[in-house]
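If you read the sequence shown in UniProt numbering, its first letter stands for residue 1, the second for the next number, and so on.
Backbone N, C-alpha and C define an ideal beta-carbon position, used for all residues, glycine too.
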Amino acid sequence: MADATDTRPLAAPRARDTPGPTAAPQQIDGLLVVDFDNRRARYDCYRTGCPQRREGPVHDGGIPEFVRTIKTEHLARYHGEQR
Numbered sequence: 001m002a003d004a005t006d007t008r009p010l011a012a013p014r015a016r017d018t019p020g021p022t023a024a025p026q027q028i029d030g031l032l033v034v035d036f037d038n039r040r041a042r043y044d045c046y047r048t049g050c051p052q053r054r055e056g057p058v059h060d061g062g063i064p065e066f067v068r069t070i071k072t073e074h075l076a077r078y079h080g081e082q083r
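Next up, the structure:
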């Protein structure tokens, strides 16, 4: 441990201490909401012109399957995208 008379420089800041380039802004196309207290989930689509803006809610036992598949199924069904 250094005493008060120690004149050695402090350690250089580590990478996590220094700000880096900021991430480029990205548009949010959808939001998966899972409510663990009330045991339900839904998917909201924010794409322009989407004919089905909300999928769900799904309750209890259907939640794991819904969370796993909803984005792929929604994009295929309403936006013609295969992922």
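Where does the unbroken alpha helix (DSSP H) through residue i begin, and where does it stop?
i	result
proline 64	63-79
For residue i versus residue j, is the C-beta spacing smaller than 8 Å?
i	j	result
arginine 83	threonine 69	no
glycine 56	arginine 42	yes
alanine 67	valine 34	In the sequence as presented, alanine is not what sits at residue 67; that position holds valine. Cβ atoms of valine 67 and valine 34: closer than 8 Å.
arginine 77	valine 58	no
Just curious, the beta strand (DSSP E) that residue i is in, first and last residue?
i	result
tyrosine 43	40-45
glycine 30	30-35
arginine 54	54-59
Please report the Cβ distance between residue i and residue j, rounded to the nearest whole angstrom; I am assuming they are in contact, meaning their Cβ atoms lie under 8 Å.
i	j	result
aspartate 44	arginine 53	7 Å
For residue i, does the count of other Cβ atoms within 10 angstroms reach 16, so buried, or fall short, so exposed?
i	result
phenylalanine 36	exposed
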